[in-house]
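Heads up: the structure comes next, in structure tokens.
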Amino acid sequence: MAYKISEDCISCGACEPECPVSVISAGDTQYVIDADGCIECGACANVCPVDAPKPE
Ligand code: SF4
Ligand code: SF4
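When we follow UniProt numbering, the leftmost residue of the sequence shown carries the number 1, and every step to the right adds one.
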């Protein structure tokens, strides 16, 4: 169950440096997670101000 960033993302960038496996990147309209590499640690969700990353 990889994490996915919802459309609530405001592209603040806080989550990107927190990911231990560097699978978060800035997409065209919001930040995105490469689900294949996500190890479900929850670090992104812990720092997100709008609670956008959620386990799928
Ligand atoms: Fe990265 Fe962890 Fe978030 Fe997955 S849950 S995208 S591994 S910070
Ligand atoms: Fe988007 Fe939350 Fe990441 Fe900021 S911390 S870029 S709002 S998912």
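Idealized CB from N, CA, C, for every residue including glycine.
Only a predicted model underlies this, so the values are computations on that prediction, with no experimental measurement involved.
In this structure, Gly27 has its beta carbon at no less than 8 Å from each heavy atom of ligand 1. With contacts defined as CB atoms closer than 9 Å, Pro20 and Ala2 fail to qualify as a contacting pair. The beta-bridge partner set that DSSP reports for Ile5 consists of Pro53. DSSP lists Val32 as the beta-bridge partner residues of Ser25. When DSSP states are grouped into helix, strand and coil, Pro17 belongs to the helix group.
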